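Asks:
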Amino acid sequence: MKTITFTVNGNPVTLDVSEDANLLSVLNDDLELAGAKEGCGAGECGACTVIVDGVAVTSCLYPACEADGRVVETVEGLVLESGSLHPLQRTFVDYGAVQCGFCTPGMVMSAKALLDKYPNPNEQEVKVALAGNICRCTGYTQIVEAVLAAAEEMKK
Amino acid sequence: MAAALDYLRPASVAEALSLLSTIEGAQPVAGATDVWVGIRSKKHSPKALVSLKNIPNLRFILPDRETDAYEGRAEGVTGDSGVLLGAATTHGDVEDSAWMKTHFPAVHQACSGVGSRQVRNVATVGGNICNAAPCADSAVGLLLYDATLVIAGPAGERELPLSEFFVGPGETRLGPAEILKEVKVPNPGPRTYAWYWKHTRRKGVELPLLGVGARVTLDADGMVEKARVSLGVCAPMPTRSYEAEKVLEGQKLTAELAAEAGEVAAANALVRDTWRGRGWYRREMVRVLVPRVIKLSGALS
Amino acid sequence: MTRKEERLLPEVERAVRAPEELVVVGKRIPKSDALYKVLGQAQYIYDMQLPGMLYGKILWSERAHAKIISIDTSEAEKVPGVRAVITAQNTPEIRIGFMKDQPVLKKDKVRSFRDEVAAVAATSWEAAEEAISRIKVVYEDLPGIFSPEEAMEEGAPLIHEMDARGKELKDNRIRLPWKLVCGDLEKGKAEATCTVTTSYEVPAVNHCCMGTSACIASFDAGDNLTIYDITQIPSLAKADFLEALKAMGAKGRVRVITPTIGGGFGSKLDTYGYQYIAMLLSHRTKRPVKIVFTREEEFFATSPRQQAKFTITQGCDKEGYLTFREVNATLDNGAYISWGATTPSVMMMPMSSLYRVPNIEFKSTCIYTNNTWAQAMRGYGNPQATFAIDCNMDELAEKAGIDPVEFRRRNANIPGEETPQGFLPRTCGHRECLEAVVEKMGYEGRQSGIVEGTPKARGMGVASLIHVGGGAKIYRSDGCATSIKIDDDGWVDVFSGSQDIGQGLDTVLRQIVAEVLGFKPEKVKIHVGDTDTCGWDAGCHASRSTFVAGNSAKVCAEIVRAQMVANFAAQLEVAEDAISITEGEVLAQTDDPDKQVTKVERLLRRAHMTGRGNTMFMASNFWEPNNKLLAGDFHGNFSMAYTYGVHGVELEVDTETGQVDVINYVAAHDIGKAINPMLLDGQAYGGIMQGIGYALTEEMLFDKGKLLNPNFRDYKILTCLDVVPIEAIIVETDDPEGPFGAKGVGEPGLVPVAPAIANAIYDAVGIRLRRLPMTPDRVLEALWAKAGKAIA
């Protein structure tokens, strides 16, 4: 076991983790943050996407020990301080970008990482950023629309 | 229970080397994306992972100072001298570097196509090379520019051309107590055109059916001074097609010459039938795509 | 254009509806649970923990076909944390599948790599995995059979020596008599002036639900089972589980609860061995046991759409009207029987009723093999069958010298005509869909062939679909129960036997009930997926939920509304027909200004809490559609409505690499009435992208029964970068039987995609691809064959 300290959604946490644990299991099991989910366990579906030090990562492939000293954001931390939904969450709801919802937390986090860095993406850039998040239900069209709409809204 | 895994995070190259030489079965990792999948599926059981992620001065694109990857490495090469990549530079760093896109478009293209954005954000160029998959995109891109690897080991640093690094699938000339530290890419000179094309079945998150890189450097008279053709998934390791390069060098570059390079590269490609793709198709794609990639590089216009 | 109209039904009498102003139905209302999903708060079984819960793992067969000589679990039992190790030797036999040809834990023999041999419950996943790895099984290999052709050879080894009743089997053919005869085939052949025979082949494909299969089984002290499950069929699953309880000697009851489900697409239409294994482990340990599949298990141990081969002949007369259709299909059923063996019952629908064709013979054989066994997947047998039909239509059109679109125009289905199989489509927008697609695509002015100066060629293709849109009577009941209660605070609870698997049934029911009651939709909560509180339903399948559960909810809401209106009229001292309720306000036609507009909550409260009232508004309703179970000859109107559609695709074929790029996609669906156009778009986009995967990239690859590509790296599900521009056109024909005119639409989006693409490829480069997926190497191979070039 190793003791790690990192920041999750603005809150510092310290805990003991097994050396072969991934960040996803620490979030799910130790911190009871269930938003990120295991869809494949091999970094190929993106359902476990969270943001580490400002970039989207697949937390199933991220060694928990490596999170030590870093800043982690999950979908649970997305709601604004005012208590209202993040624009991405609102547009995902309003544009029909959610069906079964299993991919949604990861999808939203990939989109947030994109918009944090590039507030004004074009459609292709959105697709590149989300290509690692598989969705079997929606066919992606409404998801891309939702991300572009959120980008518009965030410019206001 | 499986033997416990240790996870170590040295703060310097020296410390990393000392861990690797003292712990038997220790493996260096950076993004750890490939290694982690192997551990999880129990195909792979190293005693310890030695993370290179926290060592300063391993993640940079010199001389590009605009990217997240720039860590203020003091000395280094200048723009005229090519580029120096820290081995822990991520594919995402290269993808985000407008400088790389301008100066080393084929490397930029190759790195931008690896896995998903999430994987590119942690998977490193050094890791992609050391993992030595036959399809390693960034290696196929870097082979075009005669990249040299700077390898640190117990006896100090040594340099090895990338083209001599690979031995077989997953096998390299990296010693058990060595780490890849930097990738040195010389300035390819003026009038250099290069491109990388990843041939895939779907458009996102793919292993290539075939990776094809081509680079030509023209002399002042428009003759091909230097040519490089590199291939992924055409052999047990990323390779150059020396035969195709010979066809191009010293000649006036025309569409016909590019097509001939494709024919020769295809004739010499070590393709085989696997369940992932048929040999005849891969060979045919080498024939078709080599001239296409030369065209995409802009060298013909 | 229409000919022989003798089979026309009498003109349907439509209730003359006042041009009603719909307030909630027809609106783009977000899915009810989307909020919780974007917050990461929706609970899937993946997220659930129960006190004292154990973790279950399964040991899968390491052979495709072998005798089990011995199973040694002694080392597994020694692993710290292990609480139970079960095999067929130490548990009661439970047989599953509708023909009961499969024991949950295999005793004497394994028949595929997904056979369950043993299972473990332990205090952690790691301990369970470790224990599984220590179980030693000795097998004696038997010859494996991996294709229907091998399985049908003389003297081929038997995969099942006897059926569930102990009757000896002589060969590997499954005893299901899939044969449909309509009209007079010989007459149809004699009338034909032009015929074409072709053969088609489709692969096994996986549903790829993002949430992998999972359940938690838990017994209480009274031997009552609560199973948290992801089933699409809560009521039917409950019946299956009850039967298993009997086999286990447990006398209790069964409660099936489904939390949020991470995708369905047909995969959860039957119960699987793992659910029973969780039950057995839980019963043994007296603790809740959770099983969650890894992605690899999800790929190899759930049941895909099956591999199938078709040979089809169609003929037409001089004017281009179809005179007959003759089809033989062979299905690789795999090792055991699940719903995959019944897909021919749905293949019959397009075979008999897609386009007007009077004389038909369709035969299908399902064969046992040592491959994975097949199940339902979006469209059931329809996409497979439509690929054969609509590709052959294109070839026949060409041979007859008629433009493919004109050929379809001539043979398009029409409303009110009984089809040869006995379907009675009251509404049918097939022609409207065709014209809408042709116009939107600019089909008439298209330029097919090589784009000058490039190696690429362009083409357009179309294909059509028919699907059940008004239930499908495959069980003796095709109904759905609904209960509604309205509390005096104005909140409405609707308990529906149906199920939401992400498609939005929760939202559709909310809109229907809110519309009928005149309440705001946010006041209506839909409860599904709890067999203790929700009534019976035949399950979320066959695109039936909007129609059947929707009608059930609508009728139930009408009953409750009538109760309210009677009470409110008395309270307000007006006639009942002077009352209307809209958006939560009760409007009364009266001169008394105080009574003209009243908040509904006020009247509800007064109805309940005054001595005069003491009334609560609630009702239950079981709605059974008036459709018919197919007769022994498979004739009959087994759905109350039929959904139609036409898809058009424009694409580019790279003639040097064989790559196909869809550049434009237009899909028109006659869905009766869009209850929620936004969710409807989602069904179309999602179905079409799955269909493009089926057409171009997806394929489960097996080596002697072993799945080679059980992951998203090698199984090529499409990504965001593969999205094509899709125009989804809604054609509304206002079905007289549907709730507010709606017909079902869950499956259709996927059905005609592959033939539309295959036809467009022909238009572009003149090659007919008759095998899915149409991968670049297969396209190039066909181009070479056309050019007389041999591959090395």
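Quick mapping for you: the protein sequence lines, in order, are chains A, B and C.
Here my numbering is used: position 78 in the first sequence is 328, and no number is missing along the way.
Here my numbering is used: position 277 in the second sequence is 260, and no number is missing along the way.
Here my numbering is used: position 773 in the third sequence is 785, and no number is missing along the way.
Each residue gets a CB set at the ideal place from its N, CA and C atoms; glycine is no exception.
None of these values were measured; they are calculated from a predicted model.
1) Run through chain A and tell me which residues come within less than 9 Å of Gln387(C), C-beta to C-beta.
2) Tyr677(C) by DSSP, collapsed to three states: which one?
3) Under the three-state reduction of DSSP, which class applies to Thr297(C): helix, strand or coil?
4) Using a Cβ-Cβ cutoff of less than 7 Å, which residues in the same chain neighbour Thr238(C) once the five nearest sequence positions on both sides are dropped?
5) Which residue wins for smallest C-alpha separation from Gly866(C), given the options Gly509(C), Leu117(C), Thr439(C), Gly502(C)?
6) In angstroms with no decimal places, state the Cα-to-Cα distance between Gly62(B) and Ala9(B).
7) Cβ of Gly657(C) within 8 Å of Cβ of Thr388(A)?
8) Any Cβ of chain B within less than 8 Å of the Cβ of Ala401(A)?
9) DSSP beta-bridge partners for Gln326(C)?
10) How far does the alpha helix (DSSP H) with Pro371(A) in it extend, from its first residue to its last?
11) Suppose the cutoff is 8 Å on Cβ atoms and the five residues either side in sequence are ignored; what does the same chain contact list for Pro432(C) look like?
12) In whole angstroms, what separates the C-alpha of Met360(C) from that of Ala653(C)?
13) Give the range of the alpha helix (DSSP H) segment to which Gly356(A) is assigned.
14) Alpha carbon to alpha carbon, how far is Val60(B) from Arg42(B)?
15) Please tell me whether Ala561(C) and Val480(C) are closer than 8 Å, where the distance is taken between their beta carbons.
16) Comparing the C-beta of Leu380(A) with each C-beta of chain C, is any distance below 8 Å?
17) Classify Lys25(B): buried if its beta carbon has 16 or more other beta carbons within 10 angstroms, exposed otherwise.
18) Using only the heavy atoms of the ligand ADP, determine whether one of them is closer than 7 Å to the beta carbon of Glu162(C).
19) Give the interface partners of Lys728(C) over in chain B, defined as CB-CB distance under 7 Å, in chain order.
20) If contacts are defined as beta-carbon pairs under 8 Å, then Val612(C) and Glu636(C) qualify, I think. What distance do you get, rounded to the angstrom?
21) Looking only at its chain, what residues have a beta carbon closer than 6 Å to the beta carbon of Lys375(C), apart from the 5 residues adjacent to it on each side?
22) With distances taken Cα to Cα, identify the nearest neighbour of Ile742(C) among Asp113(C), Thr209(C), Ile683(C), Asp734(C).
23) Would you identify the three-state DSSP class for Val168(B), choosing helix, strand or coil?
24) Can you confirm whether Leu816(C), when its beta carbon is compared against all beta carbons of chain A, has any partner nearer than 8 Å?
25) Nearest CA to the CA of Thr183(B): which residue from Pro427(C), Phe158(C), Ala320(C), Arg725(C)?
26) Mind checking if Lys801(C) is an interface residue toward chain B, Cβ cutoff 8 Å exclusive?
27) Under 9 Å between beta-carbons, which chain C residues line up against Leu190(B)? List them in chain order, please.
28) Does the beta carbon of Val28(C) sit closer than 8 Å to a beta carbon anywhere in chain B?
29) Do you know how far the Cα of Ala89(B) is from the Cα of Arg266(B)?
30) Should Ile81(C) go down as buried or exposed, given a rule of 16 or more other Cβ atoms within 10 Å for buried?
31) So, helix, strand or coil for Gln61(C), using DSSP?
32) Which one or two residues does DSSP pair with Asp153(C) in a beta bridge?
33) For Val60(B) and chain A, any beta-carbon pair shorter than 8 Å?
34) For Gly234(C), tell me which candidate among Lys263(C), Gly223(C), Asp505(C), Lys250(C) has the shortest Cα-Cα distance.
35) Looking at the unbroken alpha helix (DSSP H) that takes in Leu795(C), where does it start and where does it end?
36) By Cβ distance below 6 Å, which residues in the same chain neighbour Leu762(C) in space, the five residues on each side in sequence not counted?
Replies: In brief:
1) Ordered by position in chain A, no residue passes the 9 Å Cβ test against Gln387(C), which lies about 16 Å from the chain.
2) strand
3) helix
4) Ser230, Arg267, Ile269
5) Any answer about residue 866(C) is impossible in this case: the structure gives chain C only from 13 up to 804.
6) Because Gly62(B) sits at a pLDDT of 49, beneath the cut-off of 50, its placement in the model cannot be relied upon, and the following sentence gives the value as read from the coordinates. If I take the Cα positions, the gap works out to 37 Å.
7) no
8) no
9) Val208(C), Arg337(C)
10) Unbroken run through Pro371(A): none, as it is neither H nor E.
11) Cys194, Gly195, Ser364, Ser365, Val369, Pro370, Asn371, Ile372
12) 16 Å
13) 354 to 367
14) A caution first: Val60(B) carries a pLDDT of 48, below 50, which makes its placement in the model unreliable, though a value can still be read off. Taking the straight line joining both Cα atoms gives about 15 Å.
15) no
16) yes
17) exposed
18) Of ligands this structure carries none, so the ligand ADP is not represented either.
19) Arg184, Arg185
20) The pair is not a contact, with the Cβ atoms about 31 Å apart (cut-off 8 Å).
21) Lys191, Asn340
22) Ile683(C)
23) strand
24) Within the shown structure, residues of chain C are numbered from 13 to 804, placing residue 816(C) beyond reach of any answer.
25) Arg725(C)
26) no
27) Arg725, Asp726
28) Because the pLDDT of Val28(C) is 41, which lies under 50, any placement of that residue in the model is unreliable, and the number read from its coordinates should be weighed accordingly. No, Val28(C) does not count as interfacial toward chain B.
29) 21 Å
30) exposed
31) coil
32) Ala78(C)
33) Caution is warranted here: a pLDDT of 48 is assigned to Val60(B), below 50, making its placement in the model unreliable, and no coordinate value can be reported.
34) Lys263(C)
35) 788 to 798
36) Arg390, Gly391, Pro395, Gly699, Gln702, Gly703
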